[in-house]
Amino acid sequence: MPTADLQFPSLADLEAAHRRILPMLLPTPLLAARSVEAALWLKPENLQRTGSFKFRGAYHKLTRLTPKARARGVVAYSSGNHGQAVACAAQLYGCPATIVMPQDAVREKVEGVLRYGARIIACEGGSDERRRIAEELAATDGLEIVPPYDDLEIVMGQASVGLEIARERREVRQILVPVGGGGLLSGVGLAARALLPGVRIIGVEPAGADDLYRSIQSGEHVRLARVDTLADGLRTQSVGDLNYAILREVVDEVVTVSEEEILEAVRTLLLAEKLLVEPSGAVAFAAFQAGKVPRDVETAAVLSGGNISQDVLHSIIKR
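Each residue of the sequence shown is one higher than the last, beginning at 36 in the working numbering.
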C-alpha cells in the first residue's frame, strides 16, 4: 500500500482484528513490577504462543488469506521470532511454511521454527537479502509472503497488545515499546491513542540499531548501513515504510539503551521479576530501569519476547 494513500485503521477495525485472533492467543495480563519503586506494569509477551508478540500479527495475516492461498503455502523472512510465529500459525491452519533465516540465527529460534514443521532456508547477509530470497520464492512457487512488520494486517494483529493494555489499566499514561521494524510500536500506538487520550507512546531501541531515533530526530526516514547489538530481534536497518508513516503520527519519543543496560534489564527481569526475557524483549524495561523515561507516571512496558539463547543466558547469570 503506498503510504501516501494510507488510511489508518479505526478502533473498530483493530477490535475486529483482535476478535479474529483472540481464540488462539494465550493471556498475558499486566504484572506489577516488583523491582522498581514506581508504578510500572509489565506486559509479558514472552509468555505468548511461540514466546513472543509476533504470533499475533502472523496469525492475523493468515486469517486474511484465502483458503486457496493458504493451501499453496506461505513464506517469511526472519531472524527468529517472526519465523516461529509464522510457522506456528501455518501449522494451526495445516498450511506449508518456508522461513528464510540468517545463517547465524539463534539456535533456539531455529529449533523453534523446525518444531512447528516449517522448512528453513539459511542465507548470508542482512534483512534485505532475506527479503529478496523470500520474494523470489513467492514469485517462483506461488507462495504468499507474510512480512515481519511492513504490512497493515500484521500491524493490526500487533495492535491487540495495545488494546489489552488500555483496557486493563486505563490509568496508564506512558507505554514503552521495543522497536525493530516498527510493527509492534505502530500497532500499540494506534490502539492506545484510540483508547487513552493523552497517553505518551515511547519507542525504545538499542543504541547500536537506532534508525528510528535518528529518523525522528532528523525528520527523514533513516536507513543504517549496519547495526550492532546483542538484541538480535531488533537488528533491522530501518523501520518499514508503512510503519514509519504511522510512527510519525503516533509516537511521542524514541529513546535508546546501551548493551550494558539491556543485559542488566534481562538479569533483573529474571532474578527479581521471575520472567525469562530475551535482550530484544527487555529494552523497554531497560529504558525505565536506567532512567531514560519519566518514572513518576503510571507506565506500561512491553516485554516483547523470551526466546533467549542458552549462551546469552549463561553469560548474564554469571554477571
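Glycine residues also receive a C-beta, built at the ideal position from the N, C-alpha and C atoms.
Since this is a predicted model, take the numbers as computed values, not measurements.
Helix, strand or coil at residue i according to DSSP, with G and I counted as helix
{"i": "residue 144", "result": "helix"}
{"i": "residue 272", "result": "coil"}
{"i": "residue 112", "result": "strand"}
{"i": "residue 325", "result": "coil"}
{"i": "residue 158", "result": "strand"}
{"i": "residue 209", "result": "strand"}
{"i": "residue 98", "result": "helix"}
{"i": "residue 36", "result": "Only weak support exists for where residue 36 lies, its pLDDT of 46 falling under 50; the coordinates are left without a value."}
{"i": "residue 240", "result": "strand"}
{"i": "residue 46", "result": "helix"}
Backbone CA spacing between residue i and residue j [nearest angstrom]
{"i": "residue 149", "j": "residue 332", "result": "43 Å"}
{"i": "residue 280", "j": "residue 173", "result": "26 Å"}
{"i": "residue 36", "j": "residue 192", "result": "Its pLDDT being 46, under 50, residue 36 is placed unreliably in this model, and the coordinates cannot settle the point."}
{"i": "residue 310", "j": "residue 257", "result": "34 Å"}
{"i": "residue 352", "j": "residue 301", "result": "10 Å"}
{"i": "residue 342", "j": "residue 295", "result": "19 Å"}
{"i": "residue 187", "j": "residue 277", "result": "8 Å"}
{"i": "residue 67", "j": "residue 197", "result": "17 Å"}
{"i": "residue 225", "j": "residue 306", "result": "33 Å"}
{"i": "residue 167", "j": "residue 71", "result": "44 Å"}
{"i": "residue 160", "j": "residue 247", "result": "21 Å"}
Proximity to residue i [Cα-Cα], best of the options
{"i": "residue 112", "options": "98, 335 and 135", "result": "135"}
{"i": "residue 155", "options": "247, 330 and 137", "result": "137"}
{"i": "residue 108", "options": "116, 114, 117 and 122", "result": "122"}
{"i": "residue 50", "options": "165, 190 and 254", "result": "190"}
{"i": "residue 195", "options": "289, 211 and 48", "result": "48"}
Range covered by the beta strand (DSSP E) that runs through residue i
{"i": "residue 82", "result": "Segment: none, residue 82 is in no beta strand (DSSP E) and carries neither H nor E."}
{"i": "residue 291", "result": "288-292"}
{"i": "residue 337", "result": "334-338"}
Residue interval of the alpha helix (DSSP H) (run including residue i)
{"i": "residue 102", "result": "102-107"}
Should the stretch 170-180 be called in touch with the stretch 78-87, which here means at least 3 C-beta pairs below 8 Å? no
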